[in-house]
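Visitor: One structure coming up, written as structure tokens, with questions to follow.
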Amino acid sequence: MTLTTTQQETFAQADDFHIAPYRADGTTPGTLTWIWSVVVDGDLYVRAWNGQQSRWYNAAKNQGAGKIMIAGNEYTVAFELVPVAGHEALQDEIDAAYRKKYAGSQYMPPMIADGPRNATVRVILK
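1 is the number of the first residue of the sequence shown in the numbering used here; add one for each residue after it.
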């Protein structure tokens, strides 16, 4: 489902994104984990701080779906991996969105490094 204009604006400002990919049974959400999120070209993206070794990233990769909470609402979602190769321009736009949204944080520079870039996920509302 495409994000509405209101969702795009709200999600772009929200700093309360929690992700819970489904467990191995494919229906039970895992533990909600707080992570950073950005909106680029009307789509919602997240990155794993620990790169591809991240537990939530691997669950999202394996299950392809789960739950999120953002701006006080819960959503059922699908996860789509965004590889760096072939998506360099998009990755650069995501970097820029992280720089803008989290400019004051000491944790921002690592989020635009190779590890997290290689663990970028598009979050699609169902």
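The C-beta atom is built at its ideal place from N, Cα and C for all residues, glycine as well.
Because the structure is a prediction, the values reported are computed rather than measured.
Does the separation of the CB atoms of L81 and G42 fall below 8 Å?
Guide: If you check the CB distance, L81 and G42 do not come in under 8 Å.
Visitor: For W34, name the three-state secondary structure that DSSP assigns.
Guide: strand
Visitor: At the level of alpha carbons, what is the spacing between A65 and K126?
Guide: 9 Å
Visitor: Please report how far the alpha carbon of P109 lies from the alpha carbon of T5, in whole angstroms.
Guide: 28 Å
Visitor: Would you kindly work out how many angstroms separate the C-alpha atoms of A97 and T27, rounded to a whole number?
Guide: 32 Å
Visitor: Please confirm if the region 49–68 is in contact with the region 14–33, defined as three or more CB-CB distances below 8 Å between the two stretches.
Guide: Segments in contact, yes.
Visitor: Look at the alpha carbon of F79 and the alpha carbon of R122, and state the distance between them as a whole number of angstroms.
Guide: 6 Å
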